[in-house]
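Per UniProt numbering, the sequence shown runs over residues 1 to 190. We put the CB at the ideal spot given by N, CA and C, even for glycine. In this text the structure is predicted, and so the values were computed from the model without any measurement. Below: one structure, written as C-alpha coordinates.
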Amino acid sequence: MQLNRIVNFHKTMGDKTRIRIITLLKQGPLHGQAIAGKLGLKPPTISHHLTKLKEIDVVYQRRDKNTIYFYLNDDKLERMALAITRIGGDDMFGKFDITDQEKTNVIKNFVDSKGRIETLPAQRKKKLIILEYMIRGLKHGQTYKETEMNEYIMQYHEDYATVRRELVMTHFMFRQNGIYELNPVEMWPV
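In C-alpha coordinates, the structure reads:
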(Lines of atoms letter the chains of each structure in order from A; the text may use other names.)
(Lines give C-alpha, C1' and ligand atoms only; values in the text may rest on other atoms or scores of the structure.)
Protein backbone atom coordinates (compact mmCIF):
# COMPACT_ATOMS: atom_id res chain seq x y z
CA MET A 1 0.00 0.00 0.00
CA GLN A 2 1.41 3.36 -0.93
CA LEU A 3 2.14 5.94 1.73
CA ASN A 4 0.10 8.54 -0.15
CA ARG A 5 -3.05 6.44 0.24
CA ILE A 6 -2.47 6.03 3.97
CA VAL A 7 -1.87 9.75 4.43
CA ASN A 8 -4.93 10.65 2.34
CA PHE A 9 -7.07 8.25 4.39
CA HIS A 10 -5.97 9.77 7.69
CA LYS A 11 -6.37 13.34 6.41
CA THR A 12 -9.91 12.57 5.27
CA MET A 13 -10.76 10.81 8.54
CA GLY A 14 -9.37 13.71 10.58
CA ASP A 15 -12.79 15.36 10.78
CA LYS A 16 -15.31 14.97 13.63
CA THR A 17 -18.34 15.02 11.33
CA ARG A 18 -16.93 12.22 9.16
CA ILE A 19 -16.21 10.09 12.21
CA ARG A 20 -19.77 10.72 13.43
CA ILE A 21 -21.14 9.68 10.01
CA ILE A 22 -19.13 6.45 10.14
CA THR A 23 -20.44 5.79 13.65
CA LEU A 24 -24.01 6.15 12.38
CA LEU A 25 -23.37 3.94 9.33
CA LYS A 26 -21.94 1.19 11.56
CA GLN A 27 -25.53 0.65 12.72
CA GLY A 28 -26.69 0.15 9.12
CA PRO A 29 -27.36 2.05 5.89
CA LEU A 30 -28.95 5.49 6.02
CA HIS A 31 -30.01 8.10 3.47
CA GLY A 32 -28.53 11.60 3.49
CA GLN A 33 -31.59 13.28 5.05
CA ALA A 34 -31.56 10.81 7.94
CA ILE A 35 -27.86 11.41 8.57
CA ALA A 36 -28.39 15.19 8.45
CA GLY A 37 -31.31 14.92 10.89
CA LYS A 38 -29.43 12.73 13.36
CA LEU A 39 -26.37 15.00 13.33
CA GLY A 40 -28.32 18.27 13.24
CA LEU A 41 -26.58 19.43 10.09
CA LYS A 42 -27.80 20.63 6.70
CA PRO A 43 -27.99 18.09 3.83
CA PRO A 44 -25.38 19.90 1.67
CA THR A 45 -22.88 19.61 4.55
CA ILE A 46 -23.59 15.89 4.86
CA SER A 47 -23.30 15.51 1.09
CA HIS A 48 -19.84 17.13 1.16
CA HIS A 49 -18.60 14.81 3.90
CA LEU A 50 -20.09 11.72 2.24
CA THR A 51 -18.31 12.64 -1.00
CA LYS A 52 -14.99 12.78 0.87
CA LEU A 53 -15.69 9.39 2.49
CA LYS A 54 -16.62 7.89 -0.89
CA GLU A 55 -13.34 9.17 -2.39
CA ILE A 56 -11.38 6.99 0.05
CA ASP A 57 -13.82 4.12 -0.51
CA VAL A 58 -15.00 3.71 3.09
CA VAL A 59 -18.58 4.63 2.13
CA TYR A 60 -20.54 3.52 -0.92
CA GLN A 61 -24.08 4.21 -2.07
CA ARG A 62 -27.01 2.25 -3.45
CA ARG A 63 -30.25 3.52 -4.86
CA ASP A 64 -33.58 2.12 -3.70
CA LYS A 65 -36.28 3.64 -5.90
CA ASN A 66 -35.85 7.42 -5.42
CA THR A 67 -33.69 7.23 -2.29
CA ILE A 68 -29.94 6.85 -2.12
CA TYR A 69 -28.68 4.90 0.88
CA PHE A 70 -25.13 5.09 2.15
CA TYR A 71 -23.32 2.02 3.44
CA LEU A 72 -20.12 1.60 5.38
CA ASN A 73 -17.39 -0.40 3.64
CA ASP A 74 -16.25 -2.11 6.87
CA ASP A 75 -13.44 -4.14 5.29
CA LYS A 76 -11.84 -1.13 3.62
CA LEU A 77 -12.19 0.98 6.76
CA GLU A 78 -10.48 -1.65 8.88
CA ARG A 79 -7.67 -2.30 6.37
CA MET A 80 -6.90 1.39 5.96
CA ALA A 81 -7.08 2.11 9.68
CA LEU A 82 -4.62 -0.72 10.40
CA ALA A 83 -2.31 0.05 7.46
CA ILE A 84 -0.20 2.47 9.48
CA THR A 85 0.69 -0.30 11.93
CA ARG A 86 2.11 -2.34 9.04
CA ILE A 87 4.46 0.35 7.73
CA GLY A 88 7.83 -1.19 7.17
CA GLY A 89 6.46 -4.71 7.43
CA ASP A 90 6.88 -7.26 4.69
CA ASP A 91 3.17 -7.24 3.82
CA MET A 92 3.14 -3.51 3.13
CA PHE A 93 6.01 -3.05 0.74
CA GLY A 94 6.45 -6.60 -0.49
CA LYS A 95 9.97 -7.01 0.88
CA PHE A 96 12.25 -9.46 -0.86
CA ASP A 97 14.76 -11.65 0.88
CA ILE A 98 17.79 -11.22 -1.36
CA THR A 99 21.21 -12.65 -0.70
CA ASP A 100 24.42 -10.75 -1.33
CA GLN A 101 25.28 -13.31 -4.00
CA GLU A 102 22.01 -12.58 -5.85
CA LYS A 103 22.73 -8.85 -5.70
CA THR A 104 26.23 -9.40 -7.05
CA ASN A 105 24.94 -11.54 -9.94
CA VAL A 106 22.23 -9.06 -10.94
CA ILE A 107 24.61 -6.11 -10.81
CA LYS A 108 27.16 -8.03 -12.89
CA ASN A 109 24.46 -8.80 -15.51
CA PHE A 110 22.97 -5.30 -15.78
CA VAL A 111 25.83 -2.91 -15.01
CA ASP A 112 28.59 -2.35 -17.57
CA SER A 113 32.28 -1.81 -16.82
CA LYS A 114 31.68 1.97 -16.46
CA GLY A 115 28.98 1.46 -13.85
CA ARG A 116 26.10 2.37 -16.21
CA ILE A 117 22.87 0.50 -16.70
CA GLU A 118 21.74 -0.02 -20.28
CA THR A 119 18.22 -1.23 -19.47
CA LEU A 120 16.23 -1.51 -16.27
CA PRO A 121 15.30 -5.12 -15.54
CA ALA A 122 11.68 -6.04 -16.12
CA GLN A 123 11.57 -8.48 -13.22
CA ARG A 124 10.66 -6.61 -10.01
CA LYS A 125 13.24 -8.31 -7.80
CA LYS A 126 16.10 -7.50 -10.18
CA LYS A 127 14.83 -3.94 -10.72
CA LEU A 128 14.89 -3.34 -6.96
CA ILE A 129 18.48 -4.54 -6.76
CA ILE A 130 19.49 -2.15 -9.56
CA LEU A 131 17.61 0.78 -7.97
CA GLU A 132 19.34 0.11 -4.66
CA TYR A 133 22.66 -0.01 -6.53
CA MET A 134 21.95 3.41 -8.06
CA ILE A 135 21.17 5.18 -4.78
CA ARG A 136 24.23 3.96 -2.90
CA GLY A 137 25.90 7.37 -3.33
CA LEU A 138 23.01 9.36 -1.82
CA LYS A 139 23.07 10.35 1.85
CA HIS A 140 20.32 9.79 4.41
CA GLY A 141 18.96 13.01 5.87
CA GLN A 142 20.02 15.06 2.86
CA THR A 143 17.48 16.53 0.44
CA TYR A 144 17.95 16.72 -3.32
CA LYS A 145 16.30 19.03 -5.83
CA GLU A 146 14.83 17.37 -8.90
CA THR A 147 17.62 18.75 -11.09
CA GLU A 148 20.22 17.29 -8.70
CA MET A 149 18.47 13.93 -8.85
CA ASN A 150 18.41 14.07 -12.65
CA GLU A 151 22.15 14.72 -12.79
CA TYR A 152 22.86 11.99 -10.25
CA ILE A 153 20.74 9.40 -12.07
CA MET A 154 22.28 10.31 -15.45
CA GLN A 155 25.56 8.82 -14.16
CA TYR A 156 23.81 5.44 -14.24
CA HIS A 157 20.95 5.62 -16.73
CA GLU A 158 19.73 8.06 -19.38
CA ASP A 159 16.01 7.83 -18.51
CA TYR A 160 16.20 9.81 -15.27
CA ALA A 161 12.44 10.50 -15.18
CA THR A 162 11.57 6.79 -15.11
CA VAL A 163 14.23 6.04 -12.50
CA ARG A 164 13.06 8.94 -10.29
CA ARG A 165 9.49 7.68 -10.48
CA GLU A 166 10.58 4.11 -9.71
CA LEU A 167 12.60 5.24 -6.69
CA VAL A 168 9.52 6.91 -5.22
CA MET A 169 7.06 4.14 -6.14
CA THR A 170 9.29 1.46 -4.61
CA HIS A 171 9.74 3.53 -1.42
CA PHE A 172 13.48 3.99 -1.70
CA MET A 173 12.82 7.74 -1.76
CA PHE A 174 10.20 10.26 -0.69
CA ARG A 175 9.25 13.19 -2.91
CA GLN A 176 7.43 16.35 -1.94
CA ASN A 177 7.28 19.61 -3.91
CA GLY A 178 10.10 18.52 -6.21
CA ILE A 179 12.43 17.69 -3.30
CA TYR A 180 13.71 14.13 -2.89
CA GLU A 181 14.97 12.38 0.23
CA LEU A 182 15.95 8.79 0.99
CA ASN A 183 13.43 6.89 3.08
CA PRO A 184 14.72 4.98 6.11
CA VAL A 185 16.32 1.68 5.09
CA GLU A 186 13.55 -0.17 6.97
CA MET A 187 11.09 1.04 4.32
CA TRP A 188 13.17 -0.21 1.40
CA PRO A 189 11.82 -3.29 -0.36
CA VAL A 190 15.22 -5.10 -0.31
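(request) Return the first residue and the last residue of the alpha helix (DSSP H) that M173 is part of. (result) That residue, M173, is in no alpha helix (DSSP H); its beta strand (DSSP E) goes 173–176.
(message) Check whether the segment 139–152 and the segment 95–110 touch, using three or more Cβ-Cβ pairs below 8 Å as the test.
(response) no
(request) Scan the segment 99–145 and note each continuous beta strand (DSSP E) run of 3 residues or more that stays entirely inside, going in chain order. (result) The DSSP assignment places 143–145 as complete runs of the beta strand (DSSP E) inside the segment 99–145, in order along the chain (cut-off: 3 residues).
(request) Compare the C-alpha of I46 against each of A34, D57, E55 and name the closest. (result) Per the Cα distances, A34.
(request) For H10, collect the residues of the same chain with a Cβ closer than 8 Å to its Cβ; drop the 5 residues on either side in sequence, then sort them by chain order. (result) I84
(message) With the cut-off set at 9 Å, would you say P121 and I135 are in Cβ contact?
(response) no
(message) Can you find the residues in the same chain that come closer than 6 Å, C-beta to C-beta, to N150, ignoring five residues on each side of it along the sequence?
(response) Annotation for N150: Y160 place their beta carbon closer than 6 Å to its own, counting only its chain and skipping 5 residues before and after.
(message) On the criterion of 16 or more Cβ atoms from any shown chain inside 10 Å, does V59 qualify as buried, or is it exposed?
(response) buried
(request) Note down, in chain order, each residue of its chain lying with its Cβ closer than 8 Å to the Cβ of R18, except the 5 sequence neighbours on either side. (result) T12, H49, K52, L53
(request) Could you tell me which of S113, Y133, Q155 sits nearest to Y100, measuring between CA atoms? (result) The displayed chain sequence assigns Asp, not Tyr, to residue 100. Nearest C-alpha to D100: Y133.
(request) Determine, using beta carbons only, whether P43 and G28 come nearer to each other than 9 Å. (result) Not in contact: P43 and G28 (Cβ atoms no closer than 9 Å).
(message) Going by C-alpha to C-alpha distance, which of V163, F70, N183, N177 sits closest to H171?
(response) N183
(request) Go to T170, then tell me how far its beta strand (DSSP E) extends in each direction, as first and last residue. (result) Where T170 is concerned, there is no enclosing beta strand (DSSP E), given that its DSSP letter is neither H nor E.
(message) Which residue marks the beginning of the alpha helix (DSSP H) containing residue 191, and which one marks its end?
(response) A question about residue 191 goes unanswered here, because the residues of the chain that appear run from 1 up to 190.
(message) Between the alpha carbons of I117 and F110, how many angstroms are there, rounded?
(response) 6 Å
(request) From the DSSP output, in three-state form, read off D15 for me. (result) coil
(request) Have a look at E78, Y156, L72, L3 and flag the residue whose alpha-carbon is nearest the alpha-carbon of S113. (result) Y156
(request) For the beta strand (DSSP E) holding L39, just list the boundary residues, first then last. (result) L39 -> not in any beta strand (DSSP E); alpha helix (DSSP H) instead, spanning 32–39.
(message) Can you look up E55 in the DSSP assignment and give me helix, strand or coil?
(response) helix
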